[in-house]
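Asker: Taking numbering that gives the first Met the number 0, I'd label the letters of the sequence shown as residues 0 to 300.
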Amino acid sequence: MTVTKRRWAGGATALLLAATLAGCASASPNSEPDSNATSSDTAAPDTILWADEFDGPAGQRPDDAVWVAEIGNRDDEGWGNDELQYYTDAPENASLDGDGHLVIAALPAADGEDLPCFTVPSCPYTSARLTTAGTVALRTGRVEVRARIPNGTGLLPAIWMLGDNGEIWPAQGEIDIAEVVGGEPDTVYGTAHGPTYFNENGIGAALELDEASGDDFHVYAVDKQRDAITWSVDGVDYLTLTPEDLPAPDDWVFEQDMHLLLNVAVGGDWPGSPDETTAFPAEMAVDYVRMTGEGTLTPAG
0 MTVTKRRWAG
10 GATALLLAAT
20 LAGCASASPN
30 SEPDSNATSS
40 DTAAPDTILW
50 ADEFDGPAGQ
60 RPDDAVWVAE
70 IGNRDDEGWG
80 NDELQYYTDA
90 PENASLDGDG
100 HLVIAALPAA
110 DGEDLPCFTV
120 PSCPYTSARL
130 TTAGTVALRT
140 GRVEVRARIP
150 NGTGLLPAIW
160 MLGDNGEIWP
170 AQGEIDIAEV
180 VGGEPDTVYG
190 TAHGPTYFNE
200 NGIGAALELD
210 EASGDDFHVY
220 AVDKQRDAIT
230 WSVDGVDYLT
240 LTPEDLPAPD
250 DWVFEQDMHL
260 LLNVAVGGDW
270 PGSPDETTAF
280 PAEMAVDYVR
290 MTGEGTLTPA
300 G
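1) Checking 8 Å against the spacing of the C-beta atoms, do Glu210 and Asp185 come in under that value?
2) Does the Cβ of Arg225 have 16 or more other Cβ atoms within 10 Å, making it buried, or fewer, making it exposed?
3) What number of angstroms, rounded off, separates the C-alpha of Pro123 from the C-alpha of Glu275?
4) Should the region 126-146 be regarded as contacting the region 185-197, the criterion being three or more beta carbon pairs within less than 8 Å?
5) Select from Phe216, Met257, Ala247, Glu243 the residue whose C-alpha is nearest the C-alpha of Asp222.
6) Quick one: using the 10 Å Cβ neighbour count with 16 as the cut-off for buried, is Glu282 buried or exposed?
7) Is the region 242-253 touching the region 80-96 in the sense that three or more CB pairs, one from each, lie closer than 8 Å?
8) Can you give me the Cβ contacts of His100 inside the same chain, cut-off strictly under 8 Å, excluding the 5 residues immediately before and after it?
9) Can you tell me whether DSSP reads Gly162 as helix, strand or coil?
10) Going by other Cβ atoms of all chains shown within 10 Å of its Cβ, with 16 needed for buried, is Ala136 buried or exposed?
11) DSSP state of Asn262, grouped into three classes?
12) Give me, in chain order, the residues of the same chain whose beta-carbon lies closer than 8 Å to that of Val232; leave out the 5 immediate sequence neighbours on both sides.
13) Assign Pro156 to one of two classes, buried (16 or more other C-beta atoms within 10 Å of its C-beta) or exposed (fewer than that).
14) Counting only runs of 4+ residues fully inside the region 96-128, write out the alpha helix (DSSP H) ranges in chain order.
15) DSSP state of Glu207, grouped into three classes?
16) How many angstroms separate the CA atom of Thr139 from the CA atom of Glu173?
17) Tell me which residues share the same chain as Asp96 and place their Cβ nearer than 6 Å to its Cβ, disregarding the 5 neighbours each side in the sequence.
18) Going by beta-carbon coordinates alone, are Ala93 and Ala68 separated by less than 8 Å?
19) Quick one, are the C-beta atoms of Trp66 and Asn72 less than 8 Å apart?
20) Going by C-alpha to C-alpha distance, which of Gly294, Asp215, Leu154, Asp249 sits closest to Thr195?
21) Quick one: what's got a C-beta closer than 8 Å to Gly294's C-beta in the same chain, skipping five residues either side?
22) Tell me, please, which residues DSSP counts as bridged to Val235.
23) By how many angstroms is the C-alpha of Ala278 removed from the C-alpha of Leu260?
24) Please list, in chain order, all residues of the same chain as Val265 whose beta carbon is under 7 Å from its beta carbon, the five residues on each side excluded.
25) Can you list, in chain order, the residues of its chain whose CB lies under 6 Å from that of Cys116, leaving out five sequence neighbours each side?
26) Does the Cβ-Cβ distance between Asp45 and Thr291 come in under 8 Å?
27) Leaving out the 5 sequence neighbours to the left and right, which residues in its chain are closer than 7 Å to Gln59 when beta-carbon positions are compared?
28) Measuring only the C-alpha atoms, how far is Ala204 from Gly271?
29) Using the DSSP secondary-structure output, state which residues sit across from Ile176 in a beta bridge.
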């Protein structure tokens, strides 16, 4: 693995590294955690907090005791990025495939469908944005997601976390476990956002895979420890962030419960709009989600 300095296309960041990951196979799990954990409690360190293996029949919606589907195209600047998708809770946009995967699919909207959109009169695409807000949150430990992330101009699929501290973003805190942007199929971005480092000033790294992220499954993970966050792909660490790396160490906001989000966004200021080369449906296939460590489980219902 080689590490060199790199800058975002839109401007400089306080810290941005690029790494090359060559020849790494997707990690195989060492054990099968209980994906049916339902107790509302705080787990001990180094124990399975929660997992979802996405077992179930094709077409079944993900477990609604855990996964909350956010709906619409938010009035506040189209999810803050002038995006073109309308998020739904329809099985066509998020459901199990019957082979142990959750599939989140971005699709062209049906002809004549009226989908209120901040950027245009009606959103031309539908997709899904699933969150564990209010149901599962990691305080200290590890979250890993084995996924095949789609590629294409104008797509922005993401695996990420937001803080539960009650603050308004960016003071809320955000950890982007993996983003694959538009037409950069072999580049994965891991980034942290906080009170004085957000948007183009987010602090993170760009990891160059040896293949397009849509070609195969990879394990995208974050180890969220006290005063340190480490990003990895397939068990290879490529960035560690500490309070000393921030504009001011007091701006560290990650000592809190943080919930998980999975989504496939379409269009927006970053990465731009789809074009004739963009293939739909654009599908993120998720093999599993696993959290180990301390946190909170409060399943809905």
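Glycine included, every Cβ here is placed at the ideal spot set by N, Cα and C.
Answerer: The answer reads as follows:
1) Closer than 8 Å, so yes.
2) exposed
3) Spanning the two alpha carbons is a distance of roughly 14 Å.
4) no
5) Met257
6) Buried.
7) no
8) Phe53, Ala284, Val285, Asp286
9) strand
10) buried
11) In the three-state reduction of the DSSP assignment, Asn262 falls in the strand class, which pools E and B.
12) Leu20, Cys23, Ala177, Val187, Leu206, Leu208, His217, Val218, Tyr219, Ala220
13) buried
14) none
15) strand
16) 15 Å
17) Ala57, Val102
18) yes
19) no
20) Of the listed residues, the one whose Cα sits closest to Thr195 is Asp249.
21) Around Gly294: Thr41, Ala42, Leu48, Trp49, Val135, Ala136, Leu137, Arg138, Thr139, Gly140, Asp256.
22) Val232
23) 23 Å
24) Glu82, Leu83, Gln84, Ala105, Tyr124, Ser126, Gly153, Leu154, Pro273
25) Asn72, Cys122
26) yes
27) Ser94, Leu95
28) 21 Å
29) Note: Ile176 sits in no beta bridge, so no partner.
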